[in-house]
Amino acid sequence: MTAVGDNDRGLEKYLRMQRIRQFENKAEAIHAQGEIPGALHTYAGMEASGVGACMALRDDDYMVGNHRSHGHPIAKGAMLRPLMAELLGKTTGICKGKGGSMHLSDFSMGSLGETSIVGSGGPVAVGAALGAQMQGLDRVALCFFGDGASSEGAIHEALNLAAVWQLPAIFVCENNRFGMSTPTSAGVAGENVADRAHGYGIPGVMVDGQDVDAVEIAVREAVDRARSGKGPTLIETKTYRYGDHAVNMGRELTPRGPDHEDWLARDPIVLHRLRLLEQGVPPAALDVIEAQVAEEVDDALSFARESAYPAFEEAFDHVFVDRLPIPEDVLAHA
Amino acid sequence: MTAVGDNDRGLEKYLRMQRIRQFENKAEAIHAQGEIPGALHTYAGMEASGVGACMALRDDDYMVGNHRSHGHPIAKGAMLRPLMAELLGKTTGICKGKGGSMHLSDFSMGSLGETSIVGSGGPVAVGAALGAQMQGLDRVALCFFGDGASSEGAIHEALNLAAVWQLPAIFVCENNRFGMSTPTSAGVAGENVADRAHGYGIPGVMVDGQDVDAVEIAVREAVDRARSGKGPTLIETKTYRYGDHAVNMGRELTPRGPDHEDWLARDPIVLHRLRLLEQGVPPAALDVIEAQVAEEVDDALSFARESAYPAFEEAFDHVFVDRLPIPEDVLAHA
Amino acid sequence: MARITYLEAIQQAQMEEMILDSRVFMMGEDIRCNVFGTTTGFLEKFGEARIRDTPISENGFIGAAGGAAIVGMRPIVDATISSFLFPAMDQICSIIAKSSYIYGGQARLPLVIRSCLFYGNSNAAQHSDRPYPMFMNMPGLKIIAPSNARDMKGLLKAAVRSDDPVLSFEDSTCWTNKSEVPDDMDFVIPLGKGDVKREGTDITVIGIAGAVNIALKAAEQLAREGISIEVVDPRSLVPLDHELILRSVRKTGRAICVDPAHKTCSAASEIAATIAEYAFEALRAPVVRITTPDTHLPFSPHIEKPLYPSVARIVDAARRLVGAGTPVPA
Amino acid sequence: MARITYLEAIQQAQMEEMILDSRVFMMGEDIRCNVFGTTTGFLEKFGEARIRDTPISENGFIGAAGGAAIVGMRPIVDATISSFLFPAMDQICSIIAKSSYIYGGQARLPLVIRSCLFYGNSNAAQHSDRPYPMFMNMPGLKIIAPSNARDMKGLLKAAVRSDDPVLSFEDSTCWTNKSEVPDDMDFVIPLGKGDVKREGTDITVIGIAGAVNIALKAAEQLAREGISIEVVDPRSLVPLDHELILRSVRKTGRAICVDPAHKTCSAASEIAATIAEYAFEALRAPVVRITTPDTHLPFSPHIEKPLYPSVARIVDAARRLVGAGTPVPA
Ligand SMILES: Cc1ncc(C[n+]2csc(CCOP(=O)(O)OP(=O)(O)O)c2C)c(N)n1
Ligand SMILES: Cc1ncc(C[n+]2csc(CCOP(=O)(O)OP(=O)(O)O)c2C)c(N)n1
Ligand SMILES: [Mg+2]
Ligand SMILES: [Mg+2]
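Protein chains in written order, with my numbering: chain A, 2 to 335; chain B, 2 to 335; chain C, 8 to 337; chain D, 8 to 337.
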């Protein structure tokens with residue numbers, strides 16, 4: 002594996018963060034115009050957390066995420082077309098139009114679900130880590146969850162289980178300072194979520210979630226531990242979400258604190274760009290990436306727009322492996 | 002409040018521990034003969050944990066317990082007749098024959114349920130503490146749970162909630178080294194359950210669970226904190242259960258370790274007796290207590306035996322405040 | 008009397024009961040910021056102690072509501088979306104439903120757990136559950152599922168005053184619907200009393216929650232074809248007003264049960280079984296269920312929306328039933 | 008063929024499938040110590056990796072089974088007593104039932120969640136649940152509830168081989184009952200196929216789980232009175248063998264649904280509704296349900312035992328139905 006500071010990796014991180022940001026900017030705009038149904042929870046401001054973490058993973062490692070689901074698959078390397086098509090509810094979507102914005106999960110990238118029930122990804126990641134261990138594969142499973150989610154029993158049970166069984170699991174708590182309208186301090190007892198690690202006898206690490214390299218380094222250490230059989234790690238990325246809990250809701254739910262401007266000033270993409278420039282990357286290289294991503298996003302949107310909606314019968318697929326029989330009276334009026 | 006070492010209190014502790022031990026010895030014997038239906042989970046070996054903790058409570062403080070439910074109410078001061086009658090399934094039982102051995106809960110003693118779903122008492126205790134706080138009462142709520150129960154999400158959520166809201170709650174984890182057949186180390190990650198406290202920003206305390214005075218001192222400190230608005234405490238009583246997970250099962254489930262004899266050698270009642278004698282209590286005073294308790298137990302059993310079984314209609318009481326209508330065909334064959 | 012929405016009715020019911028009884032308080036995730044509009048003005052009026060934002064711990068805080076109720080409080084829990092009851096299932100089923108019973112009546116648990124049925128708007132399977140039938144199978148829980156603002160207010164107030172635990176399932180398809188609602192602080196609708204929402208003679212259509220409104224539209228359309236529909240709204244699912252349902256079916260001789268829940272073991276199934284068991288002699292045609300089929304709800308609106316009960320499906324079924332019916336025997 | 012108990016059948020089914028497929032493994036609380044006797048010899052044979060004792064974290068380890076299944080394992084979870092499924096409800100309903108759907112078929116979840124129906128023996132309300140009807144209302148879960156050793160073995164093996172998640176509800180009243188069971192490693196009974204346990208002409212009695220055996224006893228007794236009972240055992244609750252049930256009712260014209268679950272929204276209700284909807288034309292009498300009433304289960308055996316379906320209740324209902332029946336039309 003190449004070093005964190007390596008130019009190519011630096012550019013790859015920049016690319017993925019740009020993808021997330023531009024993909025979501027586009028999504029937010031067309032959502033405002035009603036082209037995307039349902040709610041849209043954006044990841045803007047948190048790109049370094051997802052990209053830093055996923056860059057520490059191999060392609061065949063597993064990842065589980067949550068309702069704020071756009072960033073994770075892109076961070077893991079997913080292509081944009083099926084993601085955008087999913088947002089538009091098309092049959093070419095990554096979930097064939099069944100999942101939508103809260104569930105952009107690309108299993109071909111090791112993604113095992115972006116689940117919108119808060120905290121529910123924890124046990125799934127534990128199971129994936131267990132599976133990998135039992136199969137003698139040296140894969141790891143990484144679970145993203147929010148500060149708010151840390152209060153769910155499912156996360157506790159997952160941490161305890163992974164620690165008791167010394168599984169190759171990495172728990173990444175993306176502490177973006179709020180769960181919906183609730184400040185972390187009102188939902189989470191104790192100073193830091195990472196402090197919980199001690200009680201399970203596993204390492205707990207805090208990291209600047211706006212610094213993509215720092216996140217990568219922290220997660221890579223955890224990945225190394227996990228891969229070498231030393232068990233799970235709990236990492237807390239201190240980050241911030243720019244958008245409201247979900248966007249285009251008509252009113253703001255999140256009570257911003259006095260630190261709001263400080264957070265905006267530490268934009269993870271700007272910070273990384275500055276670092277790359279410092280490291281001697283020519284600005285043009287970064288501009289090229291941005292332009293390339295803009296094209297990817299446009300292409301993804303065109304693809305999505307041109308794609309068909311699912312046929313009604315598809316609503317009856319995937320409940321079970323065999324398609325369900327379709328009730329006649331329902332079919333008659335579909 | 003009088004001091005821990007005070008003679009009267011010392012005798013009261015002895016009395017309550019004797020009550021538990023003798024009550025259960027009797028129960029175990031008649032259970033073996035089929036007089037008590039269902040499973041019987043005994044508390045023998047753990048008497049100092051329950052009695053020490055409850056002696057730090059006021060009569061009007063609340064307490065929630067678990068399936069190992071005989072010790073807690075007796076420790077809190079409950080009388081034996083309704084408890085024994087409950088074991089026999091009589092209508093004079095503390096739960097009118099609805100609860101049985103796993104649910105000996107005497108609400109008149111501040112007991113709010115001995116719940117046999119592992120971990121489920123945590124949220125109830127939190128609610129009682131919340132209620133007390135909102136009502137401006139200075140009551141506290143104490144929750145007994147096992148080492149095994151600490152792995153349940155419910156306990157995590159309860160701890161976090163109590164800590165976020167700074168509620169007058171005391172969590173007493175009775176670590177008796179096993180959950181059914183599973184050694185604590187195989188179910189609970191980390192060295193000690195009490196170590197979990199740090200992650201919630203609350204005090205975590207370990208105490209010798211065979212020393213009734215030590216338990217009382219530790220719990221009293223937590224009670225004082227709670228009562229004065231300083232929030233919850235997590236206390237771990239290191240203790241041991243003598244019986245198998247449940248008694249009279251025909252075979253042993255618990256894999257005893259090399260420390261088994263050491264634990265038996267530190268019987269909490271014997272230890273307390275020795276201390277009282279050292280403190281100058283005449284042996285006769287203790288013998289009187291033992292004899293008195295033996296009478297109480299006999300009396301409770303006679304009472305229970307002479308009591309009636311519930312009328313069939315009672316099966317339809319207490320689902321709701323108003324008795325349910327009884328289906329005719331069921332009544333016809335009852 | 009004022010014309011208000013279903014959401015406003017919830018707000019009013021809670022506001023009034025909190026004014027009337029200081030033991031009533033609310034808790035839930037993000038209730039202070041009033042996400043759906045049912046706590047407008049509450050924080051200002053009642054303060055932080057009685058309007059409590061909770062951590063995201065449904066099992067924890069719903070169980071805590073149970074504990075608070077046991078010691079004499081009367082909590083209203085806003086669990087927001089019904090799907091979030093699953094994490095709390097243990098406290099609901101093992102503690103809240105059973106504590107009064109298992110301790111022989113020593114405990115009472117006067118609490119209300121509110122949650123909305125958040126289906127029909129591209130929220131995908133994990134947010135679109137309508138799980139009231141599951142809870143109907145668990146004794147010890149009263150259940151309301153009102154279809155309009157007036158019923159919502161009256162039933163929710165009754166729920167808050169009840170000494171039994173009550174689950175309130177609030178159909179989001181009704182949220183903005185308005186009706187005339189009494190201002191009387193003591194206007195309550197007793198739990199367990201259904202309502203005939205429209206009288207008719209040919210077919211009884213029993214609607215659950217928002218399906219009542221679809222049934223009413225279908226009845227309108229069918230009336231123009233000369234088919235007379237009686238629309239019965241049980242309003243409470245537990246207790247269920249068997250008598251009202253059976254009386255209507257005994258009159259019409261035909262029944263259609265319309266329920267947004269999944270078909271298998273739905274409220275519709277329960278009502279159909281009740282009719283087949285206790286009004287059999289009056290039946291002139293099969294008891295039909297119109298429900299959401301046993302598939303999950305997809306995100307894509309084009310395939311989601313046709314899955315729910317619709318006017319067209321009811322109209323079709325009604326025509327079929329009347330056609331199939333043997334002539335009325337006098 | 009060998010005569011073995013229901014518990015031995017579970018043991019055999021698991022043993023064989025674990026031998027045949029190295030992806031199959033087991034986890035649960037205290038399974039190594041073999042509390043109920045369904046894992047006799049497993050630890051020795053398969054080792055600690057494949058026979059995993061878990062912490063007491065039902066939501067955690069059942070969800071982990073889901074995760075392991077997604078990555079290609081085939082877990083069998085022993086959740087011991089059905090009441091302990093409540094803490095795991097979220098992982099079962101939100102993840103295990105829905106993941107295949109919500110991700111558009113990218114995931115498969117081949118896993119089995121076993122739990123026993125632990126009623127009838129003074130274990131009180133918190134340990135006596137029979138919650139399969141709740142899960143029947145949640146799409147995405149297959150459900151078996153066998154009534155004898157042969158079915159148990161064949162269905163459990165099919166469940167382990169299924170690529171869909173399956174819940175196995177194991178009736179503790181059947182545990183020690185014996186029947187002849189094939190030794191063939193490939194003996195499976197397909198999910199969704201019911202079985203006529205006894206042929207008859209006057210009344211169809213559909214039994215759920217252990218109620219099948221009660222129905223058979225009642226049939227015996229009724230035969231002596233000249234009433235001929237056909238006993239149908241659906242065996243799988245999802246998918247439910249509608250065809251078999253309807254065929255039988257179309258023959259007999261009468262139906263009694265016997266179910267140890269609580270009445271409201273029970274499997275009995277679902278079957279009764281199905282009959283009233285699709286076999287109405289054949290019905291000659293009300294569709295009767297014999298279930299546990301909607302009360303909790305008390306500890307005291309004297310008041311617990313009469314609450315369950317019994318031979319006497321079936322016999323009474325059958326007599327009533329035949330008396331009430333209009334004469335057979337040819
Ligand atoms: C079990 C459950 N409870 C509540 C919700 C509603 N909800 C969705 S996101 C959210 C806040 C989550 O906060 P956090 O975990 O910090 O993630 P963030 O949104 O901040 O990224 C809530 C309460 C849910 N989806 N699932
Ligand atoms: C939710 C739940 N899961 C499993 C059980 C079965 N069970 C009863 S007691 C017990 C062990 C509990 O261990 P611990 O909490 O340490 O208490 P102890 O019995 O040791 O006092 C188990 C697994 C249960 N009653 N509830
Ligand atoms: Mg957050
Ligand atoms: Mg223990």
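From the three backbone atoms N, C-alpha and C, an ideal C-beta is built for every residue, glycine too. Quick caveat, the model's predicted, so the values are computed rather than measured.
{"query": "At a CB-CB cut-off below 7 Å, which residues of chain B make contact with D/Phe306?", "result": "Gly39, Gly90, Gly98, Lys99, Gly100, Gly101"}
{"query": "Could you name the residues of the segment 49 to 70 of chain A whose beta carbon sits closer than 8 Å to any beta carbon of chain F, in the order they occur along the chain?", "result": "Absent here is chain F; the protein component of the structure consists of chains A, B, C and D."}
{"query": "Could you give the DSSP three-state label for A/Ser70: helix, strand or coil?", "result": "coil"}
{"query": "Going by the beta-carbon positions, is the gap between A/Ile171 and A/Val208 smaller than 8 Å?", "result": "no"}
{"query": "Which residue marks the beginning of the alpha helix (DSSP H) containing C/Met159, and which one marks its end?", "result": "156 to 168"}
{"query": "In chain D, which residues lie with their C-beta within 9 Å of the C-beta of B/Thr183?", "result": "Glu36, Asp37, Arg39, Cys40, Asp60, Thr61, Pro62, Ile63"}
{"query": "Hey, D/Arg81 and D/Ile58: beta-carbon distance below 8 Å or not?", "result": "no"}
{"query": "Residues bridged to D/Cys264 by DSSP?", "result": "D/Ile213, D/Arg296"}
{"query": "Where does B/Gly53 fall in DSSP's three states?", "result": "helix"}
{"query": "Please confirm if D/Leu314 has its CB atom under 8 Å from at least one CB of chain B.", "result": "yes"}
{"query": "Grouping DSSP H, G and I as helix and E and B as strand, with all else coil, what is C/Val195?", "result": "coil"}
{"query": "Is any heavy atom in ligand 4 found nearer than 7 Å to the beta carbon of B/Asn67?", "result": "no"}
{"query": "Which value, in whole angstroms, describes the spacing of the CA atoms of A/Glu222 and B/Ala190?", "result": "21 Å"}
{"query": "Using a Cβ-Cβ distance cut-off of 8 Å, determine whether A/Leu81 contacts chain C.", "result": "no"}
{"query": "Per DSSP, what kind of secondary structure is C/Thr46 in: helix, strand or coil?", "result": "coil"}
{"query": "Can you check whether the C-beta of A/Ser152 is within less than 8 Å of a C-beta belonging to chain B?", "result": "yes"}
{"query": "Three-state secondary structure (DSSP) at A/Thr116?", "result": "strand"}
{"query": "Can you check which of these residues, A/Ala28, A/Glu36, A/Ile75, is closest to A/Ser50 by C-alpha distance?", "result": "A/Ile75"}
{"query": "Residues with a Cβ closer than 6 Å to any heavy atom of ligand 3, in chain order?", "result": "A/Gly147, A/Asp148, A/Gly149, A/Asn177, A/Phe179, A/Gly180"}
{"query": "To the nearest angstrom, how far is it from the Cα of B/Ser303 to the Cα of B/His68?", "result": "25 Å"}
{"query": "Can you list, in chain order, the residues of its chain with a C-beta nearer than 6 Å to that of B/Met103? Leave out the 5 residues immediately preceding and following it.", "result": "His68, Ser70, Ser117"}
{"query": "Is the shortest distance between the beta-carbon of C/Asn220 and the beta-carbons of chain A less than 8 Å?", "result": "no"}
{"query": "Where are the alpha helix (DSSP H) runs, 4 residues long or more, that stay fully inside the segment 274 to 323 of chain C, in chain order?", "result": "274 to 285, 308 to 311"}
{"query": "In the segment 274 to 309 of chain A, which residue ranges form an unbroken alpha helix (DSSP H) of at least 4 residues, counting only runs that do not cross its ends?", "result": "284 to 307"}
{"query": "Given that a residue counts as buried once 16 or more other Cβ atoms are within 10 Å of its Cβ, and exposed if not, what is D/Met96?", "result": "buried"}
{"query": "Under a three-way DSSP split, which group does B/His42 fall into?", "result": "coil"}
{"query": "Could you list which residues in chain C have their beta carbon closer than 7 Å to that of B/His319, in chain order?", "result": "Ser107, Tyr108, Gly111, Gly112"}
{"query": "Less than 8 Å between CB atoms is the rule here; does D/Gln133 satisfy it with respect to chain B?", "result": "yes"}
{"query": "Do you know how far the Cα of B/Ser151 is from the Cα of B/Ala338?", "result": "No answer is possible for residue 338 of chain B: it lies beyond the span of chain B, which begins at 2 and ends at 335."}
{"query": "Starting from B/Ala86, find everything on chain C with Cβ-Cβ shorter than 7 Å and list it in chain order.", "result": "Chain C residues near B/Ala86: none, gap ~11 Å exceeds 7 Å."}
{"query": "In terms of alpha-carbon separation, which member of A/Lys239, A/Ala227, A/Ser229 lies closest to A/Val216?", "result": "A/Lys239"}
{"query": "List in chain order: all unbroken alpha helix (DSSP H) runs of 4+ residues lying wholly within the segment 128 to 201 of chain A.", "result": "154 to 165, 185 to 188"}
{"query": "Does the Cβ of C/Ile63 lie closer than 7 Å to at least one heavy atom of ligand 1?", "result": "yes"}
{"query": "Taking its Cβ as the centre, do 16 or more other Cβ atoms sit within 10 Å of C/Thr183, making it buried, or is it exposed?", "result": "exposed"}
{"query": "Looking at A/His319 and D/Tyr108, is the spacing between their C-beta atoms short of 8 Å?", "result": "yes"}
{"query": "What do you reckon, is the C-beta of D/Phe68 under 7 Å from a heavy atom of ligand 2?", "result": "no"}
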